[in-house]
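J.: If you scroll down you'll find the structure; I have some questions about it.
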Amino acid sequence: MIKYYPSHKNVLNKYNSICGHQTGIMDSIIVMQANSVIAQNINTCTSMLPDYHKILLGDNAEVNYHLSGYGIYRDEAIIRLLGEGVERYALFTANLYFEEKLKYASYNQLKEKYPNNVIHFEYVKIYSDEDCNKLNSIGILENITEDDILSWVLLPSLFDKEKEYYIPAQNFFLSHIIRKDKNEKVFIGGFSKGSASHKNIKLALKSAIAEIIECDACMIKWYTDSKVKEVVIDDDVLNETINTILRDIDYKIRVFDYTVDKKLGYVFTVMLINKSEKSPYIVVGASSGLNPKKVIYRAFMESLAILTLNINGPLSMPADYLETKYQKTYLNLDSNVNYWASLDDKDKKLKFINSKVTEKIELKKYKNLEENTDLEYLFNGLYNISKYAVYLDITPTEIADKDLHVMRVYVPELVQMSMPAFPYSKHPRIIKNGGISNNEFPHPLP
């Protein structure tokens with residue numbers, strides 16, 4: 000115990016061993032939120048990452064790292080911030096270790112040579128031809144067939160140590176460089192969902208899987224006709240925590256059950272709505288896991304962090320948060336957050352949200368699924384759904400001795416994060432749930 004006392008100093012020592020003003024993964028300066036009504040009741044913080052994306056992708060590349068730490072306690076916020084910074088760095092540098100191992104081939108070529116090691120093409124081309132044409136017309140993505148050249152990376156199966164599967168590098172690596180000299184086509188966008196950092200591999204892997212499950216549920220519930228339940232918080236401890244934080248800010252809370260398959264745990268979203276109909280109007284946080292109270296708490300804390308992002312958004316990202324003469328296209332995960340924070344279409348927004356709700360249910364009716372083998376529980380649930388799930392330890396060598404690990408998981412059978420205006424209309428799981436029914440409202444997740 001003496002080794003880790005006081006805990007705040009221990010957390011800062013860990014942070015400073017990885018981050019620095021001149022060297023390090025992230026800047027050593029931690030910016031704590033101040034002069035905000037919500038800063039009285041929670042701790043939020045952020046820091047700066049160098050422009051790794053410009054080094055790797057070119058000077059014209061624009062990326063928002065969405066770095067934030069949040070929680071009731073300052074230590075909690077700083078730990079989250081450090082974890083996110085390390086995770087983002089790992090995501091942008093992981094491909095450097097694999098560039099020489101990538102295979103450039105068409106799906107048909109790869110399938111002919113490695114028939115048992117390639118995922119089905121239906122999990123590769125998950126946009127419709129119509130969507131591809133629209134995205135191509137604005138210079139974002141290209142349409143593909145089984146004969147077009149893509150880059151492929153061979154990754155270990157999540158379930159069978161004897162198996163490996165080829166996955167398109169564009170799906171797995173955020174900073175993969177498109178090789179036009181090899182006629183590679185750009186067919187998908189990259190997102191950080193499905194990656195996580197933690198103090199050991201098992202916890203990092205569990206968190207990464209939970210992110211994939213959360214994203215899958217949110218995309219299905221948001222874009223298809225699938226309905227949701229509204230959860231009534233009847234737990235005294237959780238209610239006190241929420242009310243203590245919300246008592247000084249003009250927001251009401253609504254909690255929704257987005258769970259698609261309880262064998263994968265619970266997925267909840269927490270929506271904060273401004274009572275006075277002022278901007279930021281609506282913000283949404285999401286989380287997944289096996290303990291319903293903990294999941295709702297994490298989603299609530301995320302919604303508060305996003306509220307802070309919205310308050311500061313016009314200053315840090317004016318193109319996405321301020322009015323322009325150009326029509327919003329919702330191609331990134333800032334413009335959609337701003338849409339829900341704005342007062343535009345406020346009545347239509349609430350009507351859409353209410354149309355998804357079928358019933359109200361008390362939190363006490365949810366069973367705690369937590370057990371000593373949480374990871375095994377998630378593995379068993381995924382095993383019934385996925386054949387091609389893969390993973391990779393992407394822990395940067397720079398932190399190999401810092402008791403932090405970063406894991407990346409990709410499950411082709413589950414719906415991934417998409418550009419808000421372009422859900423994956425041809426993904427088999429979307430089709431199984433009735434197809435896209437909502438193309439008007441972009442999803443609200445950052």
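Be aware that the sequence shown starts at 0, since it is given in numbering that gives the first Met the number 0, and climbs by one per residue.
Backbone N, C-alpha and C define an ideal beta-carbon position, used for all residues, glycine too.
Every value quoted in this text rests on a predicted model; they were computed, and no experiment measured them.
1. If you draw a straight line from the alpha carbon of residue 122 to that of residue 72, how long is it in whole angstroms?
2. Mapping DSSP to helix, strand and coil, what is residue 0?
3. CB-CB under 6 Å to residue 487, same chain, minus the five flanking residues each way: which ones, in chain order?
4. Measure the C-alpha to C-alpha separation of residue 323 and residue 374 and round it to an integer number of angstroms.
5. Does DSSP classify residue 191 as helix, strand or coil?
6. DSSP has residue 151 in a bridge; who is on the other side?
7. Cα separation between residue 325 and residue 345?
8. For the candidate residues 9, 99, 100, 129, whose alpha-carbon lies nearest to that of residue 425?
9. Considering just the uninterrupted stretch of the alpha helix (DSSP H) at residue 128, what are its terminal residues?
10. Relative to the C-alpha of residue 402, which candidate in 69, 81, 283, 57 has its C-alpha closest?
11. Check the DSSP bridge columns for residue 197 and list the partner residues they point to.
12. Taking 8 Å as the threshold (C-beta atoms), are residue 208 and residue 377 in contact?
13. Helix, strand or coil: which one does DSSP assign to residue 434?
14. Classify residue 325 as helix, strand or coil using the three-state DSSP reduction.
15. Count the other CB atoms, across all protein chains shown, that sit within 10 Å of the CB of residue 335; report buried if there are 16 or more and exposed otherwise.
16. Which of helix, strand or coil does DSSP assign to residue 44?
17. Measure the CB-CB distance between residue 282 and residue 271 and report whether it falls below 8 Å.
18. When you compare the CB positions of residue 342 and residue 295, do they come within less than 8 Å of one another, or not?
19. Return the CA-CA distance between residue 89 and residue 299, expressed in angstroms with no decimal places.
20. For the beta strand (DSSP E) containing residue 392, list its first residue and its last residue.
T.: Quick answer:
1. One C-alpha to the other measures close to 42 Å.
2. Any reading at residue 0 must be qualified, since the residue scores a pLDDT of 41, below 50, and its modelled position is unreliable; the value itself is stated next. Looking at residue 0 - three-state DSSP - the assignment turns out to be coil, as it is neither helix nor strand.
3. Outside the displayed span of the chain (0 to 445) sits residue 487, for which this structure offers no information.
4. Residue confidence for residue 323 is low, a pLDDT of 48 falling below 50, so the modelled location carries little weight and cannot support an answer.
5. Coil, per DSSP.
6. For residue 151, which the question treats as bridged, DSSP gives the partners 102, 167.
7. With a pLDDT of only 46 at residue 325, under the threshold of 50, the placement of this residue in the model should not be trusted, and no figure is reported.
8. Minimum Cα distance to residue 425 is reached at 129.
9. Counting along the chain, the alpha helix (DSSP H) containing residue 128 begins and ends at 128-136.
10. Here the closest residue by C-alpha is 81.
11. Beta-bridge pairing by DSSP links residue 197 to 404.
12. Less than 8 Å divides the Cβ of residue 377 from the Cβ of residue 208.
13. Three-state DSSP puts residue 434 in coil, outside helix and strand.
14. Its pLDDT being 46, under 50, residue 325 is placed unreliably in this model, and the coordinates cannot settle the point.
15. Counting Cβ neighbours within 10 Å, residue 335 comes out buried, since at least 16 surround it.
16. In this structure, residue 44 counts as strand in the three-state DSSP scheme.
17. The Cβ-Cβ distance between residue 282 and residue 271 falls below 8 Å.
18. No.
19. Residue 89 and residue 299: Cα-Cα distance of roughly 27 Å.
20. Note, residue 392: beta strand (DSSP E), 389-392.
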